[in-house]
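> Take a look at this one; I'll ask things after.
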Amino acid sequence: MPQHVLFISAHLDDAILSCGDYIDALVQKDYQVTIATVFTGMGTELSMLARILHKKFGLGMDTMDVRRQEDTLAAKALGASVLHLNLLECIYRKNKDGSPVYSKLNELFNTEWRTEHQVMEEIVSALSEQIQFENYAGVYVPLGIGRHIDHCLVRQSAERCGLSAGNGTGWPAHLMYYEDLPYLCFNNDLTWRTELAAGLSERSVKLGRSNLKAKLNAALKYSSQISLLWTSRFSMLRQMAEHARGAARQSKREGSVSCDYFFRVYAADSKASVPLGESGTSGARLHHL
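When we follow this note's numbering, the leftmost residue of the sequence shown carries the number 106, and every step to the right adds one.
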């Protein structure tokens, strides 16, 4: 019977941009992969910030419908299934008086997640009602690199949902963490290793060119997001390829001749088994790309 793994994504592109190559490798080894995206709903009476971002998306009033379709196509290209939880992402959230919670772009990256306690409760409820964590061989959540408020909320909420399986250290033992792309590539979060990955066991997964090709093909399905995050399709493909090339150079320095590059994941439990991962903590030697 195939093992089932779950990737929890804040937005409709995060998991595949961050882990599409790993997801492809898992599917090729007969794992069933589900991508659960938390923030897939859309509010009414858009704020100025939301209208500006919608213009960058190049979409009309059916923005989230189109983005959900993009996500389904991207996942299908990798052989994965999707689950959309339909909560409102940060640009659509409102205060009690109807004013936007976030009116400036920089606020999305420098707001303490604890200030959004009610949203966290909504995420915990949605995850608890729709996902049985113990049924999965692996559950992957974002580290929160870049400190996007929605990424941080998803991580904290997933940890709360998994605390019943904790290993006595305060970490839910069955959760694993992935690096947030493209935020990792922007190199704006210089303290993520000590602040976000402290206490976690870094692991390496061997991947090849075919996995990267599959990821890039899937990423191109997110047409609305490319103009928001990059200047062109080419710049997106180049950044993703350069990230993999950096990992390839490191894998050669580590003496690996059996893979093109290493993909990193982080386990809460140093003894946890990572699907397709190297045994032990060999990945801990890999440097920050």
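Heads up, the beta-carbon is just placed ideally off N, CA and C, and yes, glycines get one too.
1. Inspect the beta-carbon positions of residue 112 and residue 241 and report whether they are closer than 7 Å.
2. Here's the rule I'm using: 16 or more other beta-carbon atoms within 10 Å means buried, otherwise exposed. How should residue 186 be labelled?
3. On a CA-only basis, which of 334, 235 and 298 is nearest residue 140? Give me that one, please.
4. Consult DSSP for residue 307 and reduce its assignment to one of helix, strand or coil.
5. Do residue 218 and residue 261 have their beta-carbon atoms positioned less than 7 Å apart in this structure?
6. Distance, Cα to Cα, residue 196 vs residue 228?
7. Under three-state DSSP, which class holds residue 281?
8. In terms of residues, what are the limits of the alpha helix (DSSP H) holding residue 260?
9. From residue 320 to residue 175, what does the alpha carbon distance come to, in whole angstroms?
10. Could you give the distance in angstroms between the alpha-carbon of residue 183 and the alpha-carbon of residue 129?
11. Is the segment 298-312 close to the segment 324-335, with three or more CB pairs under 8 Å?
12. Would you say residue 258 and residue 224 are within 7 Å of each other, going by their C-beta atoms?
13. Let me know the secondary structure DSSP gives residue 109 once reduced to three states.
14. Within 10 Å of its beta-carbon, does residue 189 have 16 or more other beta-carbons around it, so buried, or fewer, so exposed?
So, from the listed chains and residues:
1. no
2. exposed
3. 235
4. When secondary structure is reduced to three states using DSSP, residue 307 falls in the strand class.
5. yes
6. 16 Å
7. strand
8. 254-267
9. 14 Å
10. CA-to-CA, the gap between residue 183 and residue 129 works out to about 6 Å.
11. No, they do not touch.
12. yes
13. Strand, per DSSP.
14. Classification of residue 189: buried, given that the 10 Å Cβ count is 16 or more.
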